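Undergrad: One line per chain: the protein sequences are A, B and C, in this order.
Using my numbering, you'd call the opening residue of the first sequence number 1274 and step up by one each time.
Using my numbering, you'd call the opening residue of the second sequence number 2 and step up by one each time.
Using my numbering, you'd call the opening residue of the third sequence number 425 and step up by one each time.
Positions of the beta carbon are idealized from the N, C-alpha and C atoms, including for glycine.
Computed from a predicted structure; not experimentally measured.
Below is the structure I would like to discuss, written out as structure tokens.
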Amino acid sequence: MAIGFNIIYNTTGIINFAQGEFVMLGGMTAVTFHQFLPLPLAILCGVAVTMIVGAVIEILFIRWLHKPSVLRMIIITIGISILIREISLHVWGESVRALPYFTGTSVTSYQLGGVYLSPQVLWVIGVSALAVAALSAFFNLTMLGRQMRACSANRDAARLCGVNAGNMVTLSFMLSAAIGAIGGAVICPITYVHYDGGTPLAIKGFTVAILGGLGNSMAAVGAGMILGILESFSIWVLPAAYKEVISISILLIILFLKPSGIFGSAEAARLKDF
Amino acid sequence: MKTRHFPVLAFAGLIVGIQLLTHFTDSGYHLTQLTMTAYYSLVIVGLCMLIGYAGQISLGHAGFFAIGGYLSALLTTHDLTSLQGSAFVSLLSKSGLLVARTDLYGGHLLNVHPWCACVVAILATVAIAYLVGGPVLKLRGHYLAMATLGFGVIVYRIALGSELLGSADGISDVPGFPLLPGVFITGKSSLRVQNYYVAWGLVVLGMVILLNLVRSRVGRALASIHGAEDAAEAMGIPTARYKLNIFVLSAVFASLAGVLLTHYNGGIGPSEASVMKSVRYVAIVAIGGMANLWGALSMSLVLNYLSLRGYFGTYDDAVFGAILILIMLFAPEGLLRRHLMVDLKRLFSRDAAEGEAP
Amino acid sequence: MGLRTTYNAGHIGKRNGVRKVAITTNLKEGEMKGKMGMVLGVLLAIMMSGVFVQAAEPIKVGAILSVTGPASFLGAPEAKTLEMLVEELNKGGGVKGHKIELIVKDSGASPEKAFSFAKQLIEEDKVFAIIGPSTSGETMKIKSVAEEGKTILLSCAAAEVIVNPVAKYVFKTPQKDSDAILRIFGQMKKMKISKIGVLSGNTGFGKAGKEQIEKLAPEHGITILANEVYDKAASDLTAEVTKLKAANVEAILNWSIVPAQSIVIKNARQIGFKGPIFQSHGFGNIKYVVAAGEAAEGVVFPAGRLLVADVLPKDHPQKALLVKYKKDYESRYKEEASTFGGHAYDAFIILVKAIEKADSVDKDAVRAAIEQLKGVVGTGGVFNFSATDHNGLDADAFEMLTVEKGKFAILKQK
């Protein structure tokens, strides 16, 4: 989730508020395809559809804007997120859907040193680890990945070197949509998907991304874990209804004290536009 | 000097005109929703000041609205009868800050006086706005958007999670607000016209204050912050202080609207604090033209009114989302630059007919 | 699809009903020219005669339902149900010769919109009665509006405060929370359970249930060892159930109406909680069972009999009605009927029955007639209203159900 944020941010400097909707879309389409396709294929189709949606959004709304202001971008992505949400409400209705567990059933669990883990949780951890590994390989080892990073560092310079910056941005939207969709499909047996489920996820994902420092996938995963643990523990002290208050308060405090994130370096942040 | 006052007078004329129209066509029921629209407009012009003139986005203004509304609702409905013996309560009671009233079912309640509650709510908003605004406004761009959004979510969560604030049900049975002897802010049909004028009168007053502010030295300083903050700083303008003061001012506008609308509706629920509400406010400001108070106000009048009448049906949120994207893509300066007014009217001619000439 | 058209255009629907008015406005606008005008004039005459033949004016019924937003799982089936019923009734000639004209307003579960719509429906559309809102919070906000406007309000929300204390014009159709809790506590007594852990969602439904549980538990010799509230959008409740398990509870009682309730069961079973799990009547939607998978097996909960309509004994008074509603709804909308839609069903038939009984379309006469309705069979139970009981249902409206092989079944008493 947070990784998706980072990809788009990396190449464009755009924070995509619609990222949460990608997760929701991934889950929803996978559930829809699962009605007549086996599970792995359904997930694949779901991811593909979400990728296409990501690309379409970029081409329709982002590509032809020249040097949009930050404010404008924020508002556009918020608008997109609302639209996706409302469209899915009318397509899928208000009901809640879920995929079956990938392995085992909802009651199976493994006990690890006193902690109960559902196999699906292991799936989630595994998939996100895989995603991070694949991404860092992609960004560091392949030509395409390097081109994307070049766009992020300096778009004009990259263009001078013959990189098609426009396509790179489209690609980054597709990639982050795909990551979101995979996340949505993997997590869907645990949390279910609901047309309204994107926004809270986006806020949480954003929190994690900022905590970890924007533009840093590894740190995002680490920050995500810290946040998850903090949230779980907070309910022993405070009523569970305030869980989200805790995580966002942490976000605000971090923003006030160290805007580059826990793991980010101060210099790197200063190099960015803001 | 005459031209300066012309728009305000014209607007006041429009307000009176609408009322007279509804009076003669016997469609006074439109005034209820127009009154609610007025209170939302108060939030919007305040926010417009912040976004358009000081260049700072806030995705948490519904939070301030809710702080005002909830505090006032809580204080005016929380029954203090059981605490009557305590020193503090009896002190309050002696100083005339408490009122005894009877509820719908004839039970006796002892509540804080609405005026007192209103003052407390506004003061609390000022305090919170200063507290939050200080560090938040040091941030820029995405971080600023996220921090204000975070603030909004926190308020929403607290409203939703607190028993005291009625959790998901919100607070009901909020009494009317005795503004002046004989003038009550309440949803009662018999006081409809009176309330309509009170609400829009406040909007006009707010507009006059803001317009004067824009034209003053402060306004020019703000414009320079919007344009180039560093340059403004270099010119010796205390940018941080200006930004903070405008932030607090717009928060107070939102909070006051929250207080009064809560008394008007007789209650408040967590939906008033939701992120969607904040986004909606930003959307309306954006449509009206970021730095155009009149634009924001007129858009607020049309869109809030249509939304409150359920004109968009189940597509209510979608309409706002679509508007946001379209405006930002094609007319980032907002739709309402004066000469565009005509085009807009044609585009929305159906809506406009519904909205302005009921 | 039919549903959607209704909403964006409460107006269009209205236009069909009052054709005459629509045409006169056209004339006023000066579109009448020459031949065109003659055609219109003829049309107008035809329609007027049509109006006269029909004689009885349609009765306007407003509905404020949260078709979208956080409570859409309530509002959407309610709106669909009403739409279906109105169509059916009008096809059959309406009630006492009056057709019913339904105006649905989507409040998105926000009280301020409910307030605005209630005012609009009462003052502008001059509706005869309002069905809804779907949530307790909204209902409480517009209770005084309905009282002031002297308009019958048939709420589809569950909270007891709606009808207790009684307000003259306000009624509600869902069963009382306290009755559901009494049934659960009765069942617990049979199973010799006295120490429980309570979980509830942070919605109006969860909150109202939690208050009632806390109030009623001591009277029935039940101790609450742990009491947790979770967020309605929660996706993992392992921490909460672990806390309950650590408190050594004999059973978990979960009170919520949101998807999170199937997460409760799953997480509880995952951490190895073996005791019985009780749910509220908010569990009455087969989707939650499907979502919870195997973990749902053996969950005990009280619910209206709609869920087990097919397996009810033939002689049960509700059997015929429930089976019909289920069949009609499911064949029309291709989705499982839920008890929530049933609340709107009940509200509608109560209104129709009261109009028949009062034999007039006077609001006050019909209001008084509702209070005298006895033995009205609805989806939620058999309604017996009185001047002091504006709900009309008792604990008998609930049946204790359980889940067997992924399906709802009546709990067999051992």
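Mind checking the segment 158-171 of chain B against chain C and listing, in chain order, the residues whose C-beta falls within less than 7 Å of any C-beta there?
TA: Answer in chain order: L161, G162, S168, A169, D170 and G171.
Undergrad: Applying the 10 Å Cβ sphere with the 16-neighbour rule, what's the burial state of A:V1320?
TA: Classification of A:V1320: buried, given that the 10 Å Cβ count is 16 or more.
Undergrad: Taking the beta carbon of B:D170 as the centre, do at least 16 other beta carbons fall within 10 Å, making it buried, or is it exposed?
TA: By the 10 Å Cβ count, B:D170 comes out buried.
Undergrad: Just mark B:A284 as buried or exposed, buried being the case when its beta carbon has 16 or more other beta carbons within 10 Å.
TA: That one is buried.
Undergrad: Could you pull out every residue in the same chain whose Cβ sits closer than 7 Å to the Cβ of C:K690, ignoring the five residues on either side in sequence?
TA: Same-chain partners within the cutoff: A716 and A719.
Undergrad: Going straight from the alpha carbon of A:I1360 to that of B:G322, what length do you get?
TA: Distance between the alpha carbons of A:I1360 and B:G322: 11 Å.
Undergrad: Give me the Cα-Cα distance between A:F1278 and A:A1451, rounded to the nearest whole angstrom.
TA: The predicted position of A:F1278 is uncertain, since its pLDDT is 47 and thus under 50; no value can be drawn from it.
Undergrad: Compare the C-beta of B:S256 against all C-beta atoms of chain C and say whether one is closer than 8 Å.
TA: With 8 Å as the cut-off, B:S256 does not count as an interface residue toward chain C.
Undergrad: How far does the beta strand (DSSP E) with C:P557 in it extend, from its first residue to its last?
TA: Looking at the DSSP string, C:P557 is not in any beta strand (DSSP E), and its letter there is neither H nor E.
Undergrad: Counting only Cβ pairs nearer than 9 Å, list the residues of chain A close to B:Y316.
TA: Neighbours of B:Y316 on chain A, chain order: E1359 and H1363.
Undergrad: List, in chain order, every chain B residue whose beta-carbon is nearer than 9 Å to that of A:S1522.
TA: Under the 9 Å cutoff, chain B gives G151 and I155.
Undergrad: I'd like to know whether the C-beta of B:M147 is nearer than 8 Å to at least one C-beta of chain A.
TA: Cβ-Cβ to chain A under 8 Å: yes for B:M147.
Undergrad: Inspect the beta-carbon positions of B:V286 and B:G61 and report whether they are closer than 8 Å.
TA: No, the Cβ-Cβ distance between B:V286 and B:G61 is not below 8 Å.
Undergrad: Three or more beta-carbon pairs under 8 Å between the segment 231-247 of chain B and the segment 129-139 of chain B, yes or no?
TA: Yes, the segment 231-247 of chain B is in contact with the segment 129-139 of chain B.
Undergrad: DSSP has C:T763 in a bridge; who is on the other side?
TA: Looking at the DSSP assignment, C:T763 forms no beta bridge with any residue, so it has no partner.
Undergrad: Tell me the start and end of each unbroken alpha helix (DSSP H) in the segment 246-303 of chain B that is at least 4 residues and wholly inside, in chain order.
TA: Correct list: 276-289.
Undergrad: Straight-line CA distance for C:H522 to B:N266?
TA: Spanning the two alpha carbons is a distance of roughly 34 Å.
Undergrad: For a contact meaning CB atoms closer than 7 Å, what does A:V1518 contact in chain B?
TA: Within chain B, the residues near A:V1518 are I155, R158 and I159.
Undergrad: Tell me where the alpha helix (DSSP H) around B:G202 begins and ends.
TA: Residues R193 to R216.
Undergrad: Going by the CB atoms, is the gap between C:S560 and C:A591 shorter than 8 Å?
TA: No, the Cβ-Cβ distance between C:A591 and C:S560 is not below 8 Å.
Undergrad: Between the segment 118-132 of chain B and the segment 623-639 of chain C, are three or more C-beta pairs nearer than 8 Å?
TA: Touching, no.
Undergrad: Let me see if you follow: with CB-CB separation under 8 Å, is C:Q544 close to chain B or not?
TA: Chain B contact via Cβ: present.
Undergrad: With 8 Å set as the bound, which would you pick, yes or no: does the beta-carbon of A:L1356 sit closer than that to a beta-carbon of chain B?
TA: At least one chain B Cβ lies under 8 Å of A:L1356.
Undergrad: Would you check if the distance between the CB atom of A:G1453 and the CB atom of A:V1296 is smaller than 8 Å?
TA: For A:G1453 and A:V1296, yes; Cβs fall inside 8 Å.
Undergrad: What whole-angstrom Cβ distance do B:I172 and B:L75 have, given they're in contact under 8 Å?
TA: About 6 Å separates the two Cβ atoms, so the contact holds.
Undergrad: How should A:C1434 be labelled, buried or exposed, when 16 other C-beta atoms within 10 angstroms of its C-beta is the threshold for buried?
TA: The residue is exposed, with fewer than 16 neighbouring Cβ atoms inside 10 Å.
Undergrad: Answer yes or no: do C:K550 and C:F541 have a C-beta to C-beta separation smaller than 8 Å?
TA: No.
Undergrad: Let me make sure I understand the geometry here. Which of A:L1356, A:A1458 and A:G1457 has the alpha-carbon closest to that of B:V320?
TA: With distances taken between Cα atoms, B:V320 lies closest to A:L1356.
Undergrad: Can you check DSSP and say which residues form a bridge with C:P726?
TA: C:P726 pairs with C:M824.
Undergrad: Helix or strand or just coil, what does DSSP make of A:A1541?
TA: Because the pLDDT of A:A1541 is 43, which lies under 50, any placement of that residue in the model is unreliable, and the number read from its coordinates should be weighed accordingly. The answer is helix: DSSP assigns A:A1541 an H, G or I state.
Undergrad: So, is the C-beta of B:R329 closer than 8 Å to a C-beta in chain A?
TA: Checking the displayed sequence, the identity of residue 329 of chain B turns out to be Met instead of Arg. So yes, B:M329 belongs to the interface.
Undergrad: Sorted by chain position, which residues of the same chain lie with C-beta nearer than 6 Å to C:R693's C-beta, five sequence neighbours on each side aside?
TA: Taken in chain order, the residues that qualify are A719.
Undergrad: Taking one C-beta from the segment 632-652 of chain C and one from the segment 572-580 of chain C each time, how about it: are there three or more such pairs within less than 8 Å?
TA: Too few Cβ pairs lie closer than 8 Å, so no.
Undergrad: Would you mind giving the Cβ-Cβ distance between B:Q20 and B:Y306, rounded to the nearest angstrom? I have them listed as a contact below 8 Å.
TA: Actually they do not touch by this definition, with Cβ atoms about 14 Å apart.
Undergrad: So A:Q1292 packs on A:A1475, CB below 8 Å; how close in whole Å?
TA: The Cβ separation is near 5 Å, so the contact holds.
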